[in-house]
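Under this note's numbering, the first residue of the sequence shown is numbered 7, with each subsequent residue one higher.
Right, one structure below, let's go through it.
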Amino acid sequence: MIVVTFHIPENQLETLDNLVRERGYTSRSEAIRIALREFLDKYIKQYRINVD
């Protein structure tokens, strides 16, 4: 995997940490990967984008 660094507001980080605890994710990274995968899947279906 490739490492990606980004900045988010503190309140979003707190929300993410709560989500990690409540949903039992192993880490912030896991939660972000899942959220990104779901977002991309929805985007690809919505715009019928071909992805190799």
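In this text, a Cβ means the ideal position worked out from N, Cα and C, and glycines have one as well.
Just so we're clear, the structure is a prediction, and the values are computed from it rather than from any experiment.
Inset, instruction - Return the CA-CA distance between residue 17 and residue 27, expressed in angstroms with no decimal places. - result: As a position in the sequence shown, residue 17 is number 11, starting the count at 1. As a position in the sequence shown, residue 27 is number 21, starting the count at 1. Straight-line Cα distance between these residues: approximately 16 Å.
Inset, instruction - Using alpha carbons as the reference points, say which of 44, 36, 53 and 45 lies closest to residue 62. - result: Limits of the chain in this structure are 7 at one end and 58 at the other, which puts residue 62 out of reach.
Inset, instruction - Can you grab the Cα-Cα spacing for the pair residue 23 / residue 46, in whole Å? - result: On the sequence shown, position 17 is the one that residue 23 refers to. On the sequence shown, position 40 is the one that residue 46 refers to. Rounded to the nearest angstrom, the two C-alpha atoms are 22 Å apart.
Legend entry - 4-residue-minimum alpha helix (DSSP H) runs that sit fully inside the stretch 13 to 54, ordered along the chain: 16 to 29 and 34 to 53
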